[in-house]
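Read through the structure below, which is laid out as structure tokens, and then see the notes.
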Amino acid sequence: MRVLITGAAGFLGSHLCDRFLAEGHTVIGMDNLITGNTDNLAHLAGHQRFTFIHHDVTEYMYIGGPIDAVLHFASPASPIDYLELPIQTLKVGALGTHKALGLARHKGARFLLASTSEVYGDPQVHPQPETYYGHVNPIGPRGVYDEAKRFAEAMAMAYQRTHGLETRIVRIFNTYGPRMRLEDGRVVPNFIRQALKGEPLTVYGDGSQTRSFQYVDDLIEGIYRLLFSDEAEPVNIGNPGEFTIKAFAELVNEMTDNGGGIKYVDQRTKDDPQVRRPDITKARQVLGWQPTIPLEEGLTRTIPWFREQLQRRGEL
Ligand code: UDP
Numbered sequence: 009m010r011v012l013i014t015g016a017a018g019f020l021g022s023h024l025c026d027r028f029l030a031e032g033h034t035v036i037g038m039d040n041l042i043t044g045n046t047d048n049l050a051h052l053a054g055h056q057r058f059t060f061i062h063h064d065v066t067e068y069m070y071i072g073g074p075i076d077a078v079l080h081f082a083s084p085a086s087p088i089d090y091l092e093l094p095i096q097t098l099k100v101g102a103l104g105t106h107k108a109l110g111l112a113r114h115k116g117a118r119f120l121l122a123s124t125s126e127v128y129g130d131p132q133v134h135p136q137p138e139t140y141y142g143h144v145n146p147i148g149p150r151g152v153y154d155e156a157k158r159f160a161e162a163m164a165m166a167y168q169r170t171h172g173l174e175t176r177i178v179r180i181f182n183t184y185g186p187r188m189r190l191e192d193g194r195v196v197p198n199f200i201r202q203a204l205k206g207e208p209l210t211v212y213g214d215g216s217q218t219r220s221f222q223y224v225d226d227l228i229e230g231i232y233r234l235l236f237s238d239e240a241e242p243v244n245i246g247n248p249g250e251f252t253i254k255a256f257a258e259l260v261n262e263m264t265d266n267g268g269g270i271k272y273v274d275q276r277t278k279d280d281p282q283v284r285r286p287d288i289t290k291a292r293q294v295l296g297w298q299p300t301i302p303l304e305e306g307l308t309r310t311i312p313w314f315r316e317q318l319q320r321r322g323e324l
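Take any residue in the sequence shown, note its place counting from 1, add 8, and you have its number in the numbering used here.
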């Protein structure tokens, strides 16, 4: 297959490029590099089946030759990023999704949208099944991301129903692993960086809010299976192992031998979900997928990568 991946220089996009290349496909990676970084693709320089295009998917694009699948992963994705880039976030979810769908239609390609557990907002149903419509504040600071992704889902479904386009929607729950941006402000890079530097971990609020963390390889496997499945409606891909942020901080401190402890700070963004945990019944049934990498094992694979990055920057 010849595959277009938008957001290719990002955390997830770059892992997807690796997976499709490893399976023998040809990959065109596109990114405007506002939050992505070509360092994530440096190891692919000179690869015969890989091409990189520096382009903003919200602008008109021309790609010659056939395309069999379009995977739309471009978007700022951490709360800090989309608070700083609210209009770009809305544009890439709306205009970018429209352009990517138009390209898929023109090429007769299958389309896969990276959606998010944020479509459930601050959920009042727990854990969250795909049938839950969510509890989202459209005008809050997170609304720019949540509503962009909800619009993107609606747009993908409209192309499916109106034009018969083959579309797939993955709702991605918190994912971590090598190539996350150190400064993206999310809890995993923040805690690991702080722990490796011997500093206290900044827990926002009282740390009673929960998240369910999946290792990136599990997610990529789920996405790969979804693309080749017949499932036309959204599928949650996440690890149902749920932790309070306080318990997560304690685990990171323990695994890094950090004596810095925990510092409670009043920095929760408005509408920060109090709980989040995927119901993955559907993924198990239709994809035969479930996560295989528990949190401790995933962190054991991730921490050395962060250490190396910090050493390279002279921060350790
Ligand atoms: N969080 C925290 N300390 C940090 C960064 C984040 O306690 O240094 C909390 C944040 O308030 C949220 C959770 O960790 O409740 C996950 O935040 P993240 O930014 O990773 O992603 P989200 O799941 O909110 O999109």
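Positions of the beta carbon are idealized from the N, C-alpha and C atoms, including for glycine. All of these numbers come straight from a predicted model, not from anything done at the bench.
Original post:
Which residues in the same chain as LEU29 place their Cβ atom closer than 8 Å to its Cβ, once the five residues preceding and following it in sequence are excluded?
Top reply: VAL35, LEU52, HIS55, ARG57 and PHE58
Original post:
Excluding the five sequence neighbours on either side, which residues of its own chain have a C-beta within less than 6 Å of the C-beta of ARG113, listed in chain order?
Top reply: HIS171 and LEU173
Subject >> Distance between GLU155 and MET69 (C-alpha atoms, nearest Å) >> reply: 24 Å
Original post:
Should HIS33 and VAL65 be called a contact, given that it needs their Cβ atoms to be closer than 8 Å?
Top reply: Against a cut-off of 8 Å, the Cβ pair of VAL65 and HIS33 comes out as no contact.
Subject >> Inter-residue Cα distance where the pair is LEU91 and PRO146 >> reply: About 14 Å.
Original post:
Within 7 Å: the Cβ of THR66 and any heavy atom of ligand 1?
Top reply: Checking the Cβ of THR66 against ligand 1 gives no.
Original post:
Buried or exposed: ARG320, going by 16 or more other Cβ atoms within 10 Å of its Cβ?
Top reply: exposed
Subject >> For PRO286: DSSP bridge partner residues >> reply: As computed with DSSP, PRO286 is found in a beta bridge with GLN136.
**OP:** Note down, in chain order, each residue of its chain lying with its Cβ closer than 8 Å to the Cβ of ASP89, except the 5 sequence neighbours on either side.
**Re:** THR43, THR97, ASP192 and GLY193
Original post:
Is any heavy atom in ligand 1 found nearer than 7 Å to the beta carbon of ARG158?
Top reply: No, Cβ of ARG158 sits at least 7 Å from all heavy atoms of ligand 1.
Original post:
Candidates PRO281, SER123 and ASN198: which alpha carbon is nearest GLY148's?
Top reply: PRO281
Original post:
Span of the alpha helix (DSSP H) holding ALA108?
Top reply: 105-115
Subject >> Reference MET188, options PHE181, ASN182 and PRO197, closest by Cα >> reply: PRO197
**OP:** Could you tell me whether any non-hydrogen atom of ligand 1 is closer than 7 Å to the CB of ASP280?
**Re:** yes
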